[in-house]
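Everything below concerns the one structure shown next.
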Amino acid sequence: MTIKVGDEIPELVKHPTTRQLVQYAGAQGDFYEIHYDQTYAQSVALPGVILHGLLKAAFLGQLVTDWLGDRGTLKTFEVSYRGIDVPGRPYLCRGRVSKVEGAQVELEVWGEDPEGHRTTVGSATVEMSG
Amino acid sequence: MSTATSVVERLRARIGKPAPSAEATVEAGHLKRFVEAIGDPNPRWTNEAPPTFLVALVPVSMHLAEAEEYGKGWLNGGNRFEYVEPVKVGDRITATGRVADVYEKTGASGSLLFIIFETEYVNQDGRTVARLRGTAIRR
Numbered sequence: 088m089t090i091k092v093g094d095e096i097p098e099l100v101k102h103p104t105t106r107q108l109v110q111y112a113g114a115q116g117d118f119y120e121i122h123y124d125q126t127y128a129q130s131v132a133l134p135g136v137i138l139h140g141l142l143k144a145a146f147l148g149q150l151v152t153d154w155l156g157d158r159g160t161l162k163t164f165e166v167s168y169r170g171i172d173v174p175g176r177p178y179l180c181r182g183r184v185s186k187v188e189g190a191q192v193e194l195e196v197w198g199e200d201p202e203g204h205r206t207t208v209g210s211a212t213v214e215m216s217g
Numbered sequence: 244m245s246t247a248t249s250v251v252e253r254l255r256a257r258i259g260k261p262a263p264s265a266e267a268t269v270e271a272g273h274l275k276r277f278v279e280a281i282g283d284p285n286p287r288w289t290n291e292a293p294p295t296f297l298v299a300l301v302p303v304s305m306h307l308a309e310a311e312e313y314g315k316g317w318l319n320g321g322n323r324f325e326y327v328e329p330v331k332v333g334d335r336i337t338a339t340g341r342v343a344d345v346y347e348k349t350g351a352s353g354s355l356l357f358i359i360f361e362t363e364y365v366n367q368d369g370r371t372v373a374r375l376r377g378t379a380i381r382r
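Taken in sequence, the protein lines are chains A and B.
Read in order, the letters of the first sequence correspond to residues 88 to 217 in our numbering.
Read in order, the letters of the second sequence correspond to residues 244 to 382 in our numbering.
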């Protein structure tokens with residue numbers, strides 16, 4: 088299958104819960120209270136506990152590796168966190184091919200909240216094999 | 244001058260200086276807990292680390308205690324991973340981090356402090372497997 092600029096990556100919908108934030112805090116070893124303590128989160132002017140940026144990065148990483156499979160190798164992966172997301176709302180991961188240069192393929196990826204705001208934006212470069 | 248100014252100056256003095264290295268072995272159980280936590284069922288991750296696992300393997304001190312004099316809380320601005328070789332169960336990884344840059348920006352909602360960290364991950368054979376650049380923000 089030929090990969091071309093504009094190709095869309097099959098979307099991935101995640102349903103993060105407070106339980107998942109606690110699970111992720113333990114697995115990553117990031118115990119910053121804004122991810123599980125509502126009172127603390129509100130004391131630093133947040134609406135409540137929020138998703139770890141790196142959890143959203145992991146979702147987008149899955150989007151890329153699910154699409155790539157064993158067809159190539161991930162070389163770089165970059166994410167910028169532009170907005171906060173709270174548990175209990177679906178998180179939609181999307182992306183498209185932005186550049187193809189021989190075996191080198193660049194992807195634009197992003198995560199959207201239910202209102203369609205791109206709260207995480209990023210890119211990935213992959214090297215296709217064979 | 245203000246506390247904020249002196250915090251920035253003290254942090255800027257650390258630019259380029261490597262932090263002590265940290266070492267950890269990729270354990271199957273930890274990898275399993277991590278992929279369960281991110282909800283990625285790909286069977287490939289029973290033996291190989293998914294793209295963001297390295298942040299969980301070795302605690303990279305993004306949160307410099309002295310920066311906490313500035314503002315009220317931390318935000319993660321972004322992360323950039325560069326992959327050189329796959330990281331597998333059993334690999335012994337040494338991570339060495341350093342502060343790459345520190346700067347202040349003033350926006351509509353007040354001042355923000357940006358701290359850029361770079362971490363290099365080297366395996367048991369002395370080969371670099373990945374690099375990570377992270378932007379931590381105090382607000």
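Cβ atoms here follow ideal geometry from the backbone N, Cα and C, with glycine treated the same way.
- Taking the Cα positions, residue 356 of chain B is about 30 Å away from residue 336 of chain B.
- Close to residue 107 of chain A, with beta-carbon spacing below 8 Å, are these residues of chain B in chain order: 280, 282.
- Along the stretch 334 to 364 of chain B, none of the residues has a CB nearer than 8 Å to a CB of chain A.
- If you look at residue 172 of chain A, you'll find it isn't in any alpha helix (DSSP H); DSSP assigns it neither H nor E.
- Interface residue (Cβ-Cβ distance to chain A less than 7 Å): residue 321 of chain B is classified as such.
- In chain order, 121, 135, 136 place their CB closer than 6 Å to the CB of residue 128 of chain A, counting only its own chain and leaving out the 5 sequence neighbours on each side.
- If you check the CB distance, residue 271 of chain B and residue 332 of chain B come in under 7 Å.
- When CB distances to chain B are screened at a threshold of 7 Å, the residues of the stretch 161 to 192 of chain A falling below it are 161, 162, 163, 164, 165, 166, 167, 168, in chain order.
- Secondary structure of residue 147 of chain A (DSSP, three-state): helix.
- Interface flag for residue 272 of chain B against chain A is unset, since no Cβ pair is found closer than 7 Å.
- Annotated three-state conformation of residue 250 of chain B is helix, per DSSP.
- Beta-bridge analysis with DSSP links residue 96 of chain A to A:182.
- For residue 291 of chain B, the nearest beta carbon of chain A is not closer than 7 Å to its own beta carbon.
- When the alpha-carbon of residue 117 of chain A is set against those of B:260, B:299, B:261, B:254, the nearest one is in B:299.
- Its Cα nearest to that of residue 141 of chain A, the residue A:206 stands out among A:217, A:206, A:92, A:195.
- In the structure shown, residue 292 of chain B adopts coil according to DSSP, grouped into three states.
- Using a Cβ distance threshold of 7 Å, residue 155 of chain A and residue 213 of chain A count as a contacting pair.
- Contact annotation for residue 140 of chain A against chain B: 318, 319, 320, 321, 322 [CB-CB distance below 9 Å, chain order].
- Its Cα nearest to that of residue 194 of chain A, the residue A:185 stands out among A:147, A:185, A:133, A:175.
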